[in-house]
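Below is one structure, written out as structure tokens; comments come after it.
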Amino acid sequence: MDGSAILARLVERFDRHIVETHAYRGDHTAVVGREALSDVLSVCRDDEALGFDVLMDLTAVDYLRYRGREDGPRFEVVYHLYSIRHNHRLRVKTRVDEDDAVVPTAVPLWPIANWFEREVWDMFGVRFAGHPDPRRLLMYEEFVGHPLRKDYPIDRRQPLIGPKI
Amino acid sequence: MAERAVREFMLGEGGGTGGGSQNLTVGIGPAHPAMHGIIRIVTELDGETIVNADVEIGYLHRAFEKDCEVGGWNNAIPYTDRLNYVSPLINNFAYAAAVEKLLGIEVTDRCKYIRTIMSEISRISDHLTCVGASAMELGAFTVFLYMIKAREYLWELVEAVTGARLTISYGRVGGVKADLPEGFGDGVKKAFGEVREVLGEVHRLLTGNRIFMDRMVGVGALSREETIGYAITGPLLRAVGVPYDVRRAQPHWAYDRVAFEIPTQPDGDNYARYLVRMAEMEQSMRIAEQALASIPGGAINVDFEGRAIDPAAYVDRGKQGKTEGLLLIPVTLSPNLQGQDRAALGRVNAADKRVVLPSKNDAYGSIEGLMNHFMLIMEGYGIRPPQGEAYFATEGANGELGFYVVSDGGDRPYRVRCRPPCLPPVAALPRMIEGQMIADLIPTFGSVNMIGGELDR
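From first to last, the protein sequence lines are chains A and B. Going by our numbering, the residue at position 38 of the first sequence is 38; the numbering climbs one at a time, nothing skipped. Going by our numbering, the residue at position 275 of the second sequence is 1275; the numbering climbs one at a time, nothing skipped.
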């Protein structure tokens, strides 16, 4: 399915919950309100015409220092979906504020979301409601802060703590 | 009393140590002699059977994504070398292509072919390492030595092209560092001859080998549904019969101009993965040979807007007025810079002096070239993609290698995200090993081909 047709289908189905759509450099993006994120993702996976069976990537971006976005919601959680059946891609994004950085989990839809979401929690401090195993992924458990946040200085050092047990 | 304490120590605490059985927790790794890569697998064993497993990663985390945000767009290239350090060229090209997508430029035809050829050579060396190492862990040391010998021939090619074996930093936004060296075609022919011979030998040694098959067939299998659910791509996905390959599904560079097959196997076990990788190496050689046979001449670098750069364009003749004779002082380039003279760079790079560094003849031989060089290197200048985001994927040796780049219009990446192809299979590793013997962990882990550099970033 053509990228703009995918966006049109989502807009038709979810209407005002689709905050924004755009196509840039051939990538089609739908920005979804957090309240509808779970529904949008499950429709993306289960709708016959969409058929996004692979959650190719899940990450986040901290827009704290982005020119023109300083006031807006701080984080964007970014889902890159791919359909093996139809060979098309879609980027789904949702925006959350720093003081309410919680997004519903996608683990029931795609098991790989487990590790991707752990990494986003680890690196950005965005929590995923309903995540079965909300531990850090790359850093150690005693690490303080979330290193990919823009206000985390790159030269900050923390004492390395040995493995548990 | 003392005897009982020892027994509790050996078997775990609890009153039940005198009779019956209870599960034992054994940590494997982070540095275990039977496994390559630094990873910790905490297993719960019932006898020798793995009941539960938890994989801990992050031991090689070195803030790749954070580091990328600090320097200019091209400064991330050396970091990408260290993602998948067995096939670093693919990482270079994928990152450069993501930034090119963000800039909206197209590289030259010759550059596309060079990227295709070098990616395939990298893929073969990656598969050789993977199959060789996992065979060694099953006792087939000969296979390991043969395959490393074959890889050596390929790395000699890589060395001839890039000047380094591993930390190659050969890709550039808008092109590649230098043109292919003279006699490259003959080198490829010779190296592929050696690789084919080794592959033949390995087939005879392993493919029907009773010991090898006993350890591989039916071991570490994952169903088709779970493989897709875990976003596993590459050889592991093709080993469950899904013919998904980014090179075919979203052709880029020269992949739509060469003929190749996508080998698949139905079973999804370690043996199927082995067969897929073996078949893919032959396909990679096919691709590289076809690309070499039809590689066009012309520029290798393009500019910000996608125009091919004529090397002479680096020198602004209009500004020069009548000083034409003075405009370029002939310089003799050091042999280290082989392939980076004006003519060669013009063949492989995009035509935009706002993206691609000038040739060394120009940087050392004319004031305009030097200024051009500085403008790209100095902080606050250099490549400045417009605000926006782009995701570019190519077929890495382990699966889909994607880069998601976000620009805020500045001279540094706002965000670089690498979608590591070996993270999904490592995430699914517990599903592959649960219910199997602890010894089966070794071949399964080998078939996953974990590369710490890209897994932990």
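Quick reminder that beta carbons are idealized off the backbone N, C-alpha and C, glycines included.
Bridge partner(s) assigned by DSSP for E141/A:
DSSP output for E141/A lists no bridge partner at all.
Could you list the residues in the stretch 42-58 of chain A with a C-beta less than 8 Å from some C-beta on chain B, going in chain order?
D53, V54, L55, M56 and D57
Is the Cβ of I154/A closer than 8 Å to any Cβ of chain B?
yes
Counterpart residues of C1418/B in DSSP-defined beta bridges:
F1403/B
Would DSSP call K1189/B helix, strand or coil?
helix
Proximal chain B residues relative to V77/A, where beta-carbon distance stays under 7 Å:
Simply none; closest approach about 12 Å.
For G1193/B, is the classification buried or exposed, using 16 other Cβ atoms within 10 angstroms of its Cβ as the cut-off for buried?
Per the 10 Å Cβ criterion, exposed.
Answer yes or no: does any C-beta atom of chain A fall closer than 8 Å to that of K1112/B?
no
K1322/B - DSSP class collapsed to helix/strand/coil
Bear in mind that a pLDDT of 38 at K1322/B, under 50, signals an unreliable position, so the number given afterwards is only what the model happens to contain. In the structure shown, K1322/B sits in coil (DSSP, three-state: anything other than H, G, I, E or B).
Taking C-beta pairs closer than 7 Å, name the residues in chain A that R1415/B reaches, listed in chain order.
V61
Limits of the alpha helix (DSSP H) - the one that M56/A falls within:
Segment V54 to D62 is the beta strand (DSSP E) holding M56/A; no alpha helix (DSSP H) there.
Measure the alpha-carbon distance for R9/A versus H80/A and round it to whole angstroms.
17 Å
Taking the alpha-carbon of D168/A as reference, which of A1393/B, M1450/B and Q1436/B has the nearest alpha-carbon?
Outside the modelled stretch of chain A, which goes from 1 to 165, sits residue 168/A, for which no answer is possible.
To the nearest angstrom, report how far apart I1117/B and G1183/B are at their CA atoms.
15 Å
Below 7 Å CB to CB, which residues in the same chain sit around D151/A once its five sequence neighbours on both sides are set aside?
L64
Taking the beta carbon of H1036/B as the centre, do at least 16 other beta carbons fall within 10 Å, making it buried, or is it exposed?
buried
Just how far apart, CA to CA, sit D57/A and R1419/B?
6 Å
Can you list, in chain order, the residues of its chain with a C-beta nearer than 7 Å to that of L137/A? Leave out the 5 residues immediately preceding and following it.
W115, R118, E119 and D122
Uninterrupted alpha helix (DSSP H) stretches inside the stretch 1034-1083 of chain B (no shorter than 4 residues)
1064-1068 and 1077-1081
With a 10 Å radius around its C-beta and 16 neighbouring C-beta atoms as the bar for buried, classify T1323/B as buried or exposed.
For T1323/B, the pLDDT reaches just 40, beneath the cut-off of 50, and the residue's location in the model is therefore unreliable, although a value from the coordinates is still provided. Flag for T1323/B reads exposed.
Measuring only the C-alpha atoms, how far is L1326/B from I1367/B?
Summary for L1326/B: the model assigns pLDDT 45, below 50, so the residue's position carries little reliability; its value from the coordinates is reported in the next sentence. It is roughly 10 Å from the alpha-carbon of L1326/B to the alpha-carbon of I1367/B.
Check whether the Cβ of H80/A lies closer than 8 Å to any Cβ atom in chain B.
yes
Proximity test, Cβ basis, 8 Å: L111/A and chain B:
The sequence shown places Pro at residue 111/A, rather than the Leu named in the question. Answer yes: the Cβ-Cβ gap between P111/A and chain B drops below 8 Å somewhere.
Can you list, in chain order, the stretches of the alpha helix (DSSP H) that have 4 or more residues and sit fully within the stretch 1116-1193 of chain B?
1141-1162
Pick helix, strand or coil for E1379/B, following the three-state DSSP scheme.
coil
Between the stretch 127-141 of chain A and the stretch 84-104 of chain A, do at least 3 Cβ pairs fall closer than 8 Å?
yes
Checking the sheet assignment: what are the DSSP bridge partners for S1294/B?
Paired residue(s): none; S1294/B is not in a bridge.
Alpha-carbon to alpha-carbon, M1450/B and D1362/B
43 Å
Does the CB of P132/A have a neighbour CB from chain B at under 8 Å?
no
Does I1114/B pass the burial test, meaning 16 or more other C-beta atoms within 10 Å, or should it be called exposed?
Buried is the label assigned to I1114/B, since at least 16 other Cβ atoms lie within 10 Å of its Cβ.
Drop a sphere of 10 angstroms on the beta-carbon of N87/A, count the other beta-carbons inside from all chains shown, and report buried for 16 or more, exposed for fewer.
N87/A should be labelled exposed.
In chain A, which residues lie with their C-beta within 7 Å of the C-beta of P1424/B?
Within chain A, the residues near P1424/B are I112.
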